[in-house]
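Written out below as structure tokens is the structure these notes cover.
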Amino acid sequence: MAVAVCAIATRMCARAKIRKKWRRLDCLLEDLRKECDTPVPKLKMIAEAIAVEMRAGLAEGGSSMKMLPTYVDVLPQGMETGNFYGIDFGGTYYRIVRIELGSQNSGGIVVQEEKQLISDYVKQGTCEEVFDFIALELKKFVEAEGEGSSGSIVKRRELGFSFSFPVKQRTISSGNLVKWTKGFAVEDGVDKDVAECLQQAMDKIGLHMRVAAVVNDTVGTFCLGHYQDQDTVAAVVIGTGTNACYLEKVNSIVRLPALLTTSKVMVVNMEWGNFHYVGLPRTLYDGSLDADSSNPNDQRFEKMISGMYLGDIVRRVVLRMLQEFDEALISNRLSTPFTLTSRSVADMNQDESPNLDQVAAVFRDVFEISEVPLKFRRIVADVCDTVCRRSANLVAAGIVGILKKRWWNVGASETERGRRLVVALDGGVYQGYSKFREYLQEAVGKIVERDMTPYVVLSSANHGPEVGAALMAASRSPICSVDTEIA
């Protein structure tokens, strides 16, 4: 009898411990939700803070955002014809495209594309090795074009170069690297002209191509967005990293040299990944990720938003939860930074199966953890949703901040306040994460004043960086004589 009573007591004690562990996990999840919470009043404050930082950056007043002039004040209008090349380098993939403008009397864009992962070897090499890699792969692409490609008989190839790192431009076809970001640890290259570096690498291997334009990935996305819809006024990329650009009045860009352009407007590259504001909803997990990153205290906004970091935020939360729940489940893979990608976060977040099979698959295939309780899988799905919603809400606040500064400011005319405003969006997180797109649209609708909501349009610009870069090459090529100042 005494043995039976003892056994029952032991089981009851074990169950009580398990219940206590589940309550602890619920508390950790609730704490995460509170720390990531972005109610509309907070998002409006963040939007206003971004607008303030934009003004300071344009005036070189110590902004956390660089607000770099791009010298993009002329864009193609759809009447160009010919073959042009575009490349997008930075983040996860290296993409190459050839576009045919006006082919077969369609007036559209025919795209031939190739992409490949950028290896760690390239990311940790020298500047010369980076540009040699870019040039060599571009040469392979050109040489592999079929005989039926009209690009194969073009004597002078024109290239648009989307370089997804901060660059201080001097002209549309030249600019000096400010710093490497997105996890690149290249040992040199800062202050070098990236167009000149690429041109030298192409000349060295006999690739007869001219760098006609250098743009940021967001500027490329803007160019494609504007080509598709001339009401496009801004662009945002949410991929491995994140950035935004928009159309600014030239007389507001204090740092722009006098008499350098006769245009009234110019695209400005914000470099908003480095936006810093004390009101951002940062968590302990954001702090530990930042401290362990290759660039501590830098790109904090990006680290809360972009694809390179979303997975590791979730990984850190899961690790903390398993430390509380059952340390025996913790694997070496779970303890290793950046093993979880944003793609896996999206898969878990959007898992609608009754037993959350996709969550279980990620734990098995990524973390090498085979047995995870269904209740714990549900908590992990909630973690993914919380991190995703915060990211989308912060991007929404950024978009509204741009519109407030440029079109909805105190001195804005009725024409400016009442115009249709299209924001072009691209990047792996935006294109591949449907819940992110849903939350982004929802948040913009909540932050924007009700009478302005009908005028704001979020538009997809898939392949924006590389195709937009090729379009910029077209607008700057002597082959095409038609170009028009941006309205």
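Numbering of the sequence shown is given in the UniProt record's numbering, commencing with residue 1 and proceeding in unit increments. Just so it is clear, CB atoms sit at the ideal spot from N, CA and C, and this is done for glycine as well. These figures come from a predicted structure and were not determined experimentally.
| said: Ile305 and Ile238 - do their beta-carbons sit closer together than 9 Å? | reply: Yes.
| Do you know how far the Cα of Arg364 is from the Cα of Glu371? | So the alpha carbons of these two residues sit roughly 8 Å apart.
| field | Which of helix, strand or coil DSSP assigns to Asp385 | value | Under the three-state reduction of DSSP output, Asp385 falls in the helix class.
| request: Use the C-beta contact count for Leu117: other C-beta atoms within 10 angstroms, 16 or more gives buried, fewer gives exposed. | output: Result: exposed.
| said: Among the candidates Phe133, Gln112 and Asn243, whose CA atom is the shortest distance from the CA of Trp272? | reply: With distances taken between Cα atoms, Trp272 lies closest to Asn243.
| said: In the DSSP output, what is Gly82 paired with across the bridge? | reply: Answer is Leu101.
| Which residue or residues does DSSP assign as beta-bridge partners of Tyr94? | Among the bridge pairs identified by DSSP, Tyr94 is matched with Phe89 and Gln116.
| request: Return helix, strand or coil for Lys20, following the three-state DSSP convention. | output: Lys20 falls in the helix class under three-state DSSP.
| From the DSSP output, which residues share a beta bridge with Ile109? | For Ile109, which the question treats as bridged, DSSP gives the partners Leu101.
| message | For a test of the three-state rule: what should DSSP assign to Met266, helix, strand or coil? | response | In this structure, Met266 counts as strand in the three-state DSSP scheme.
| query | Just checking my contact of Ala235 with Thr221 at CB under 8 Å: how many whole Å lie between their CB atoms? | reply | The pair is a contact, with the Cβ atoms about 4 Å apart (cut-off 8 Å).
| query | For Ile205 versus Val467, is the C-beta distance shorter than 9 Å? | reply | No, the Cβ-Cβ distance between Ile205 and Val467 is not below 9 Å.
| message | Does Thr283 come out as helix, strand or coil in the three-state DSSP assignment? | response | For Thr283, the three-state secondary structure derived from DSSP is coil.
| message | With DSSP as the reference, identify every bridge partner of Phe161, one or two as the case may be. | response | Paired residues: Ile87 and Val214.
| message | Restricting to Cα atoms, I'd like to know which of Arg24, Val395 and Leu421 is closest to Arg406. | response | For the residues Arg24, Val395 and Leu421, the minimum Cα distance to Arg406 belongs to Leu421.
| request: Identify every residue that forms a DSSP beta bridge with Ser460. | output: According to the DSSP secondary-structure assignment, Ser460 is paired through a beta bridge with Leu425.
| So, helix, strand or coil for Leu207, using DSSP? | Assignment of Leu207 by DSSP, reduced to helix, strand and coil, places it in the coil class.
| said: Given a cut-off of 9 Å on the beta-carbon distance, is the pair Val122 and Gly189 in contact? | reply: No. Outside cutoff.
| task | Return the CA-CA distance between Val111 and Tyr85, expressed in angstroms with no decimal places. | result | Going from the Cα of Val111 to the Cα of Tyr85 covers about 10 Å.
| field | Inter-residue Cα distance where the pair is Ser174 and Gly427 | value | Rounded to the nearest angstrom, the gap between the Cα atoms of Ser174 and Gly427 is 24 Å.
| request: Please report how far the alpha carbon of Ser263 lies from the alpha carbon of Val233, in whole angstroms. | output: Rounded to the nearest angstrom, the two C-alpha atoms are 16 Å apart.
| query | Under three-state DSSP, which class holds Asp132? | reply | Asp132 carries a helical assignment under DSSP once its states are collapsed to helix, strand and coil.
| said: List, from N- to C-terminal side, the alpha helix (DSSP H) runs of 4 residues or more that fit wholly inside the stretch 314-400. | reply: Complete alpha helix (DSSP H) runs here, min 4: 342-349 and 357-365.
| task | Pick out whichever of Gln441, Ile96, Gly57 and Trp22 has its Cα sitting closest to the Cα of Glu248. | result | The shortest CA-to-CA distance from Glu248 to any of Gln441, Ile96, Gly57 and Trp22 is the one to Gly57.
| Are Arg255 and His208 closer than 9 Å when you measure CB to CB? | Not closer than 9 Å, so no.
| For the ligand MG, is there a heavy atom less than 8 Å away from the beta-carbon of Val97? | As for the ligand MG, it is missing from this structure, which has no ligand bound.
| field | Counted within 10 angstroms of its Cβ, other Cβ atoms place Pro76 as buried (16 or more) or exposed | value | Buried is the label assigned to Pro76, since at least 16 other Cβ atoms lie within 10 Å of its Cβ.
| task | Whole angstroms is fine: what's the gap from Tyr71's alpha carbon to Val268's? | result | The alpha-carbon of Tyr71 is positioned some 8 Å away from that of Val268.
| Is the beta carbon of Gly241 sitting closer than 9 Å to the one on Met45? | No, the pair does not count as a contact, with Cβ atoms beyond the cut-off.
| field | Residue interval of the beta strand (DSSP E) (run including Ser174) | value | Counting along the chain, the beta strand (DSSP E) containing Ser174 begins and ends at Ser174 to Leu177.
| Exposure of Ile153, with buried meaning 16 or more beta-carbon neighbours within 10 Å | Residue confidence for Ile153 is low, a pLDDT of 43 falling below 50, so the modelled location carries little weight; the figure read from the coordinates is stated next. Its Cβ having fewer than 16 others within 10 Å, Ile153 is exposed.
| Mind checking Lys66: buried by the 16 CB within 10 Å criterion, or exposed? | Taking all protein chains shown into account, Lys66 has 16 or more neighbouring C-beta atoms within 10 Å of its C-beta and is therefore buried.
| query | Among Gly401, Asp357, Arg315 and Pro373, which has the Cα closest to the Cα of Leu43? | reply | Minimum Cα distance to Leu43 is reached at Gly401.
| query | Taking the continuous beta strand (DSSP E) assigned at residue 542, which residues delimit it? | reply | Because the chain spans 1 through 487 in this model, residue 542 falls outside it and cannot be assessed.
| query | Going along the chain, which residues of its own chain have a beta-carbon closer than 8 Å to the beta-carbon of Lys182, five neighbours each way excluded? | reply | Taking Lys182 as the centre and dropping the five residues before and after it, the same chain places the C-beta of Gly90, Gly91, Ser164, Phe165, Thr240, Gly241 and Met308 closer than 8 Å to its C-beta, in chain order.
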